[in-house]
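K.L.:
The opening residue of the sequence shown carries number 4 in the working numbering; numbering runs sequentially from there. We put the beta carbon where it would ideally sit given N, CA and C, even for glycine.
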Amino acid sequence: MLANSLVQLDREHLIHPVSAYRSHEAKGVMVLESAKGMFVRDAAGKELLDAFAGLWCVNIGYGHESVVEAAAAQMRKLPYATGYFGFGSEPAIRLAARIAELTPEGLDRVYFSQGGSDAVDSAIRLITHYYNATNRPTKKQFIALQKGYHGSSSLGAGLTALPVFHRNFDLPNANQHHIASPYPYRNPAGSDDASVIASSVAALKAKVAELGAENVAAFFCEPIQGSGGVIVPPVGWLKAMRETARELDILFVADEVITGFGRTGPMFACAAEGVSPDIMTVAKGLTAGYAPMGAVILSEKVYAGIADGASPETMIGHGYTYSGHPVSAAVGLEVIRLYTDGGILANGQKVGQQFEAGLAALASHPMVGEARSRGMLGALELVSNKAEKTPFGAKLGLSERLFRHGYKNGIVFRAFADGTIGLAPALSCTEAEMETLLARLKRTLDDALDESDVRAAMHG
Ligand SMILES: Cc1ncc(COP(=O)(O)O)c(C=O)c1O
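As structure tokens, then:
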């Protein structure tokens, strides 16, 4: 067995996240071997500009020695410390305090997870506990957006509204509901800002009325829907949804797993609209993918509801062995230092303008139905007929072709199944690297359009 190639070993043993198991086995894995700055290198030595920051997480770019040093130093000193039995470690405590400082006013209580899925799962568990502890046990219904992504845990995947996360998983649960995505490009209410915002507010109010406010626990949303195709609602949408949730007396949960830590410009997307959610979930950019970590951040109201819901000695039965892992926390502290003192957040804001302008310019490409972006998060939605906004048919396998052409041209991005290209370059991207990214992206679109059957599908 040891003589087998990595591809063969992978085929036989490694189950990949969100993959088509049999076709992955048939195609074989693409092994990545090393990375530096904006570039990853595959096992054959081919260098690729990573326009997706791994999985929208490596916001500082690859190869920061100071992060490696922070992790190594912490591993030498104290590689593990439990948070149970009253123990703690300095990096976890300092990181919790730093997050409280950086997040919107009122979010001061931090519970650490290993990533985004378990941050969302923790949020759901804690909300359930909160309503029981505050004597409102009927509030158990959860509402989220169609096309939303809230991870892959047994509970979170039901709030997620992407069909493959539900099919054969017996989800969503009976207490998990979805309202229409704001999706300006295809919103039946119209794509102008006011109509998009009004339609989402009306949908949330209608759903809560249908379920009864006394039965509804919370509304979950991403400030910009990532895995649903980078759907960018108008400025003002988030604030309107937050205010509506407050009016309806339901908790407002902002899932900033992608949008947090500078991805859309400010440190958090909520901050751009002066929104303070009841609960925020984060992961990805928190450690920029250098070590696994996420967090659920509670407002004082939710924290106090749980803390004071029983006698002071009663345990809250929620915990993970690796909550507040000191190595991940040390990484998180250094990554945040790089965003702030290291200037990476400011760089992302500057290069983000170039990115947004570059994507907007690509909107004139024959295949691009819509270019949308905010900060360093963007997408090109490809269509075969711009006037009709007709998606390319699934039979064409456009996403695979785009990925293949991109690879050949030295760029990796997210090729969504519906023919949308998702982009989330590191915030550390230089202006010259952004030029390269945009040029390779354009070449990839041109190469796809050069294929005779893609050309034949146009205007269809
Ligand atoms: C908004 C959102 N929430 C939750 C998750 C789940 O995070 P993880 O994959 O770290 O479990 C993701 C992952 O992409 C996400 O985008």
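Could you tell me if L17 is buried or exposed, where buried requires 16 or more neighbouring beta carbons within 10 angstroms of its beta carbon?
P.N.:
Position 14 of the sequence shown, counted from the start, is the residue given in the question as residue 17. It is exposed - the Cβ of L17 has fewer than 16 other Cβ atoms within 10 Å.
K.L.:
Compare the beta carbon distance of V43 and Y65 with 9 Å and say whether it is the shorter of the two.
P.N.:
The sequence position of residue 43 within the sequence shown is 40, counting from 1. The sequence position of residue 65 within the sequence shown is 62, counting from 1. Yes. Within cutoff.
K.L.:
How far does the beta strand (DSSP E) with A38 in it extend, from its first residue to its last?
P.N.:
Residue mapping note: residue 38 aligns to position 35 of the sequence shown, counting from 1. Run containing A38: L35 to K39, per the beta strand (DSSP E) assignment.
K.L.:
Report yes or no: do three or more beta-carbon pairs, one from the segment 352-366 and one from the segment 95-114, lie closer than 8 Å?
P.N.:
Result no; under three Cβ-Cβ pairs closer than 8 Å.
K.L.:
Report all residues from its chain with a CB closer than 7 Å to the CB of A420; omit the five preceding and five following residues, and keep chain order.
P.N.:
Within the sequence shown, the letter at position 417 stands for residue 420. Hits under 7 Å: S402.
K.L.:
Whose C-beta lies closer than 6 Å to the C-beta of D124 among residues of the same chain, with five residues either side of it excluded?
P.N.:
One-based indexing of the sequence shown puts residue 124 at position 121. Result list for D124: S156, L158 and G159, in chain order.
K.L.:
What separation, rounded to the nearest whole angstrom, lies between the Cα atoms of A341 and A99?
P.N.:
What you label residue 341 is simply residue 338 of the sequence shown in a count that begins at 1. What you label residue 99 is simply residue 96 of the sequence shown in a count that begins at 1. Note on identity: in this sequence residue 341 is Leu, with Ala being the wrong assignment. Between L341 and A99, the C-alpha separation is close to 17 Å.
K.L.:
Does the beta-carbon of D121, which I'm using as the reference point, lie nearer than 8 Å to any heavy atom of ligand 1?
P.N.:
If you number the sequence shown from 1, residue 121 lands on position 118. Yes, the beta carbon of D121 sits closer than 8 Å to at least one heavy atom of ligand 1.
K.L.:
Where in the segment 310-343 do unbroken runs of the alpha helix (DSSP H), each at least 4 residues long, occur, reported from the N-terminal end onward?
P.N.:
As far as the segment 310-343 is concerned, its whole alpha helix (DSSP H) runs of at least 4 residues are 329-342.
K.L.:
List the whole-angstrom C-beta distance separating N178 from F145, where the pair is believed to meet the contact cut-off of C-beta under 8 Å.
P.N.:
As a first step, residue 178 must be located in the sequence shown, where it is residue number 175. As a first step, residue 145 must be located in the sequence shown, where it is residue number 142. That belief holds up - the Cβ atoms of N178 and F145 are roughly 6 Å apart, short of 8 Å.
K.L.:
For a quick check, are the C-beta atoms of M283 and I300 less than 9 Å apart?
P.N.:
By 1-based counting over the sequence shown, the position of residue 283 is 280. By 1-based counting over the sequence shown, the position of residue 300 is 297. Contact flag set, yes.
K.L.:
At a threshold of 8 Å, does A294 count as lining ligand 1 (C-beta to nearest heavy atom)?
P.N.:
Here residue 294 refers to the residue found at position 291 when the sequence shown is read from its first residue. Every heavy atom of ligand 1 is 8 Å or more from the Cβ of A294, so no.
K.L.:
Buried or exposed for K392, going by 16 or more other Cβ atoms inside 10 Å?
P.N.:
Stepping through the sequence shown from its first residue, residue 392 is reached at position 389. Burial call: exposed.
K.L.:
Can you name the start and end residues of the beta strand (DSSP E) that C224 belongs to?
P.N.:
Along the sequence shown, one-based indexing puts residue 224 at 221. Unbroken beta strand (DSSP E) run through C224: V219 to C224.
K.L.:
Taking A257 as the reference, which of T447, A363, E225 and A374 has the closest Cα?
P.N.:
For the purposes of this step, residue 257 is taken as the residue at position 254 of the sequence shown. Among T447, A363, E225 and A374, the Cα nearest to that of A257 belongs to E225.
K.L.:
Please state whether the Cβ-Cβ distance between T290 and G335 is less than 9 Å.
P.N.:
Taking the first residue of the sequence shown as position 1, residue 290 is located at position 287. Taking the first residue of the sequence shown as position 1, residue 335 is located at position 332. Yes; because the gap between Cβ atoms is below 9 Å, this pair is in contact.
K.L.:
Give me the Cα-Cα distance between M78 and A397, rounded to the nearest whole angstrom.
P.N.:
Here the question's residue 78 lines up with position 75 in the sequence shown. Here the question's residue 397 lines up with position 394 in the sequence shown. Near 48 Å, if we compare the C-alpha coordinates of A397 and M78.
K.L.:
Taking A429 as the reference, give the member of V199, Y325, V204 and D53 with the closest Cα.
P.N.:
Along the sequence shown, read from residue 1 onward, the residue named residue 429 stands at position 426. The residue with the shortest Cα to Cα distance from A429 is D53.
K.L.:
Do the segment 228-245 and the segment 373-385 touch if we need at least three Cβ pairs shorter than 8 Å?
P.N.:
They touch, by the three-pair rule.
K.L.:
Only counting the same chain, and skipping five residues up and downstream in sequence, which positions put a Cβ closer than 8 Å to that of A76?
P.N.:
Within the sequence shown, residue 76 is the residue found at index 73, counting from 1. Counting only Cβ-Cβ distances below 8 Å, and skipping sequence neighbours, we find A333.
K.L.:
Measure the Cβ-Cβ separation of F416 and L405 and say whether it is below 9 Å.
P.N.:
Locating residue 416 in the sequence shown gives position 413, counting from the first residue. Locating residue 405 in the sequence shown gives position 402, counting from the first residue. Cβ atoms of F416 and L405: closer than 9 Å.
K.L.:
In the DSSP assignment, find the unbroken alpha helix (DSSP H) run with L207 in it and report its ends.
P.N.:
For the purposes of this step, residue 207 is taken as the residue at position 204 of the sequence shown. That run of the alpha helix (DSSP H) goes D196 to L214.
K.L.:
Going by beta-carbon coordinates alone, are H321 and L110 separated by less than 9 Å?
P.N.:
The residue given as residue 321 occupies position 318 in the sequence shown. The residue given as residue 110 occupies position 107 in the sequence shown. Not in contact: H321 and L110 (Cβ atoms no closer than 9 Å).
K.L.:
Report all residues from its chain with a CB closer than 6 Å to the CB of L105; omit the five preceding and five following residues, and keep chain order.
P.N.:
Counting from 1 along the sequence shown, the entry for residue 105 is found at position 102. M270.
K.L.:
Starting from S402, trace the beta strand (DSSP E) both ways and give me its first and last residue.
P.N.:
As a position in the sequence shown, residue 402 is number 399, starting the count at 1. Unbroken run through S402 is the alpha helix (DSSP H), L401 to K411; no beta strand (DSSP E).
K.L.:
Does DSSP put R44 in a helix, a strand or coil?
P.N.:
By one-based count along the sequence shown, residue 44 stands at place 41. The answer is strand: DSSP assigns R44 an E or B state.
K.L.:
How long is the line joining the alpha carbons of Y186 and S279, rounded to whole angstroms?
P.N.:
To locate residue 186, count along the sequence shown from 1; it is residue 183. To locate residue 279, count along the sequence shown from 1; it is residue 276. Near 23 Å, if we compare the C-alpha coordinates of S279 and Y186.
K.L.:
Just curious, the alpha helix (DSSP H) that L362 is in, first and last residue?
P.N.:
Stepping through the sequence shown from its first residue, residue 362 is reached at position 359. Residues I347 to L365.
K.L.:
According to the neighbour-count rule (16 or more other Cβ atoms, all chains shown, within 10 Å of its Cβ), is L5 buried or exposed?
P.N.:
Here the question's residue 5 lines up with position 2 in the sequence shown. The predicted model places L5 with a pLDDT of 42, which falls under 50 and marks its position as unreliable; any figure quoted below should be read in that light. The residue in question, L5, is exposed, as its Cβ has fewer than 16 Cβ neighbours within 10 Å.
K.L.:
Please list, in chain order, all residues of the same chain as P329 whose beta carbon is under 8 Å from its beta carbon, the five residues on each side excluded.
P.N.:
Here residue 329 refers to the residue found at position 326 when the sequence shown is read from its first residue. Here the set comprises Q77, L81, P82, Y83, A84, S92, E93, P94 and A95.
K.L.:
Closer than 8 Å: is that where the CB of V260 sits relative to any heavy atom of ligand 1?
P.N.:
Numbered from its first residue, the sequence shown carries residue 260 at position 257. Checking the Cβ of V260 against ligand 1 gives yes.
K.L.:
Which residue from T262, S37 and R14 puts its Cα closest to that of S26?
P.N.:
Within the sequence shown, numbered from 1, the residue matching residue 26 stands at position 23. For the residues T262, S37 and R14, the minimum Cα distance to S26 belongs to R14.
K.L.:
Short of 7 Å in beta carbon distance, which residues of its chain neighbour A164, apart from the five on each side in sequence? Order them along the chain.
P.N.:
Taking the first residue of the sequence shown as position 1, residue 164 is located at position 161. Only A147, L148, Q149, K150, G151 and H181 meet the Cβ criterion.
K.L.:
From G215 to A313, what does the alpha carbon distance come to, in whole angstroms?
P.N.:
Position 212 of the sequence shown holds residue 215. Position 310 of the sequence shown holds residue 313. Looking at the two C-alpha atoms, the distance is approximately 27 Å.
K.L.:
Please state if the CB of A286 and the CB of G263 are separated by a distance shorter than 9 Å.
P.N.:
Here residue 263 refers to the residue found at position 260 of the sequence shown. Here residue 286 refers to the residue found at position 283 of the sequence shown. Result yes, Cβ atoms of G263 and A286 sit closer than 9 Å.
K.L.:
Is H153 near ligand 1, in the sense that its beta carbon is under 8 Å from a heavy atom of that ligand?
P.N.:
Here residue 153 refers to the residue found at position 150 of the sequence shown. Checking every heavy atom of ligand 1 against the Cβ of H153, one is found closer than 8 Å.
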